[in-house]
Amino acid sequence: MPNTIVMKFGGTSVADADRIKRAAQRIVGQHTAGRRVVAVLSARGQTTDELIQMAEEVSATPDPREMDMLLSTGERISCALCAMAINDLGHRAISLTGSQAGIVTDTSHTKARILDVRADRIREALSEDLIVLVAGFQGVSTSRDVTTLGRGGSDTTAVALAAAIDAEVCEIYTDVAGVFTADPRIVPDARKLPFVSFEEMLEMAASGAKVLQLRSVEYARTHGVRIHCRSSFADGPGTVVLREGETMEHPLITAVTHSTEEARITLLGVPDEPGAAAKIFGALARAGCNVDTIIQNEPLGKGREAEVSFTIAREDLTTAEAALGPVVSDLGIAQITNDPAIGKVSIVGAGMRSHPGVAAKVFETLAGQNINIEMISTSPIKISCVIRADKVPVAVRALHAAFDLGASAIQQERPFGEEAR
């Protein structure tokens, strides 16, 4: 729809009454400027964590379907309260649940994927000059159950709605001013990026940057949705995520990202036989566990046993070990161990493709800080190193300095045809 904008507000942006009112004023400001507005809201502050705690107080292993019923209430509260605030400002608003907004998902509970967005009700409301508020993070499955989309799922809700109604832009409002060259809490001189490509943003999100959820970036790239990530608490432009080719030549390294929310599983004594790896990782896939870095130590001779290590999200550790139980027994694997104290530091940059020596500089920098690299994974525009979790802040600062990513070090990029802002 022409002249339409989707605005998404994160949990910190609606954490209390004053912040909800501020979000309402921003929404009304866009509406007053003549735009059709759809706003997607997350649960307030720590509401989702509080709901999870409530579930754990009554059940050691909460049923996934009932968890979705419970967790979906947080976003509904935010939307209803914000609609009240908008109505008090003299504009008409309507709040919708994910299912009322037409968000259809698969049947996976707690980590559902969007299959379709049937946005007829949203279009009807917009045609009546209503501001539409949609509860993020949720939808309805093809079997008519309430589902949730996983941590950060409200980003995906917003992007999916923007694609469905052909919005001009999807604005993601957070507690930071945009996407930075590193986490400003760790690197004080981290620089805000005015523009970043979808390709780079995908790698950054996958390797620990929390500004945007990975699936939301994937969805935006697939459907051609322009994302503008900006601050809820300050005016001014943030970071625009653009298609590859819309920016001028990329710097060598765009950002340093990190994660301390992963764990490593090691399988000792994996038999050297065809199909062993397929059984291991097939079981993890069926359990909904995403695997990141994988290393297999090849056996020294035929019939000998191998060692397989891989990393997963720490929150999936219990699920992964349960899924691997039958496989360990079936294959006769000698031992399964886990290490929840690992971290990951990554450098991301499209310029890496045409510049040799980047990996050597990464390894030299970490060695200079006496940091041991335990696992390595790469892509054409990313190098990730698994290290001890307590070494992550030092590693991030060292790499940020080594590649001159500070606020005064690199000239900002400009997209073709646009002036610097």
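So for the sequence shown, numbering that gives the first Met the number 0 puts the first residue at 0; every next one is plus one. Idealized CB from N, CA, C, for every residue including glycine. In this text, all values refer to a predicted model and were calculated from it rather than measured experimentally.
{"Asked": "Note the first and the last residue of the continuous beta strand (DSSP E) segment covering threonine 238.", "Found": "238-241"}
{"Asked": "By DSSP, does glutamine 99 sit in helix, in strand, or in coil?", "Found": "coil"}
{"Asked": "Going along the chain, which residues of its own chain have a beta-carbon closer than 6 Å to the beta-carbon of glycine 287, five neighbours each way excluded?", "Found": "Lys110"}
{"Asked": "Which value, in whole angstroms, describes the spacing of the CA atoms of glycine 163 and asparagine 371?", "Found": "Looking at the sequence shown, residue 163 is not glycine but alanine. Whole-angstrom Cα-Cα distance: 47 Å."}
{"Asked": "Quick one: what does DSSP say isoleucine 370 is sitting in, helix, strand or coil?", "Found": "coil"}
{"Asked": "With DSSP as the reference, label asparagine 296 as helix, strand or coil.", "Found": "strand"}
{"Asked": "Starting from isoleucine 252, trace the alpha helix (DSSP H) in both directions and tell me its first and last residue.", "Found": "Where isoleucine 252 is concerned, there is no enclosing alpha helix (DSSP H), given that its DSSP letter is neither H nor E."}
{"Asked": "Apply the 10 Å Cβ neighbour rule to leucine 114 and answer buried if 16 or more other Cβ atoms are within range, or exposed otherwise.", "Found": "exposed"}
{"Asked": "For glutamate 417, count neighbouring C-beta atoms within 10 Å of its own C-beta (all shown protein chains included) and say buried if the count is 16 or more, exposed if not.", "Found": "For glutamate 417, the predicted structure reports a pLDDT of 42, less than 50, and the residue's modelled location is therefore unreliable. A value from the coordinates is still provided. Glutamate 417 is exposed by the Cβ-count criterion."}
{"Asked": "Where does aspartate 329 land, buried or exposed, given buried means 16+ other C-beta within 10 angstroms?", "Found": "exposed"}
{"Asked": "What residues match up with threonine 147 in a beta bridge as DSSP calls it?", "Found": "Gln137"}
{"Asked": "Roughly how many angstroms lie between the CA atoms of aspartate 203 and serine 41, to the nearest whole one?", "Found": "Checking the sequence, you will find methionine at residue 203 rather than aspartate. Taking the straight line from one Cα to the other gives about 22 Å."}
{"Asked": "For proline 270, does the three-state DSSP call read helix, strand or coil?", "Found": "strand"}
{"Asked": "With respect to the beta strand (DSSP E) encompassing leucine 114, which residues constitute its N-terminal and C-terminal limits?", "Found": "113-116"}
{"Asked": "If we ignore side chains and look at the alpha-carbon of each, how far apart do glycine 274 and leucine 266 end up?", "Found": "15 Å"}
{"Asked": "Leaving aside the five residues before and after valine 103 along the sequence, list all residues of the same chain whose C-beta is less than 8 Å from its C-beta, in chain order.", "Found": "Ile113, Leu114, Asp115, Val116, Arg117, Gly138, Val139, Ser140 and Thr141"}
{"Asked": "Since glutamate 55 is in the alpha helix (DSSP H), which residue starts that stretch and which ends it?", "Found": "46-57"}
{"Asked": "Exposed or buried, valine 216, counting other C-beta atoms within 10 Å across all chains shown (16 or more means buried)?", "Found": "buried"}
{"Asked": "Starting from the C-beta of arginine 242, find all residues in its chain whose C-beta is less than 8 Å away, skip the five residues before and the five after it, and write them out in chain order.", "Found": "Ser196, Phe197, Arg220 and Gly223"}
{"Asked": "Reducing DSSP to helix, strand and coil, say where arginine 413 ends up.", "Found": "Confidence at arginine 413 is low in this model, with a pLDDT of 41, below 50, so the placement of that residue should be treated as unreliable; the coordinate-derived value is given next. If DSSP states are grouped into helix, strand and coil, arginine 413 belongs with coil."}
{"Asked": "Under a three-way DSSP split, which group does glycine 89 fall into?", "Found": "coil"}
{"Asked": "When the Cβ atoms of the segment 45-57 are set against those of the segment 22-34, are three or more pairs found closer than 8 Å?", "Found": "no"}
{"Asked": "Answer yes if the segment 141-151 comes into contact with the segment 52-62, meaning at least three C-beta pairs across the two stretches below 8 Å, and no otherwise.", "Found": "no"}
{"Asked": "With a threshold of 16 other CB atoms inside 10 Å of the CB of glutamine 411, please say whether the residue is buried or exposed.", "Found": "Confidence at glutamine 411 is low in this model, with a pLDDT of 44, below 50, so the placement of that residue should be treated as unreliable; the coordinate-derived value is given next. Flag for glutamine 411 reads exposed."}
{"Asked": "In the DSSP assignment, the beta strand (DSSP E) including phenylalanine 8 goes from what residue to what residue?", "Found": "3-8"}
{"Asked": "If you count every other CB in all the chains shown that lies within 10 Å of the CB of arginine 184, and 16 or more means buried, which is it?", "Found": "exposed"}
{"Asked": "Assess contact between the segment 314-326 and the segment 206-216, defined as three or more Cβ pairs (one per stretch) separated by less than 8 Å. Is contact present?", "Found": "no"}
{"Asked": "From Ala38, Ile76, Arg43 and His108, pick the residue whose C-alpha is nearest to that of proline 63; which is it?", "Found": "His108"}
{"Asked": "Would you kindly check if the distance between the Cβ of alanine 358 and the Cβ of arginine 387 is under 8 Å?", "Found": "no"}
{"Asked": "Which residues does DSSP list as the beta-bridge partners of alanine 312?", "Found": "Glu261"}
{"Asked": "Rounding to the nearest angstrom, what Cα-Cα distance links valine 269 and alanine 277 in this structure?", "Found": "12 Å"}
{"Asked": "Check alanine 189 in the structure and name its three-state DSSP category.", "Found": "strand"}
{"Asked": "Taking only the alpha-carbon atoms, compute the straight-line gap between valine 5 and serine 126 and give it to the nearest angstrom.", "Found": "15 Å"}
{"Asked": "Suppose you measure from the CA of valine 158 to the CA of aspartate 165; what does that come to, to the nearest Å?", "Found": "10 Å"}
{"Asked": "Whose C-alpha, out of Phe8, Gly10, Val326 and Asp291, is nearest the C-alpha of aspartate 315?", "Found": "Asp291"}
{"Asked": "Which residues mark the beginning and the end of the beta strand (DSSP E) in which aspartate 338 is found?", "Found": "334-338"}
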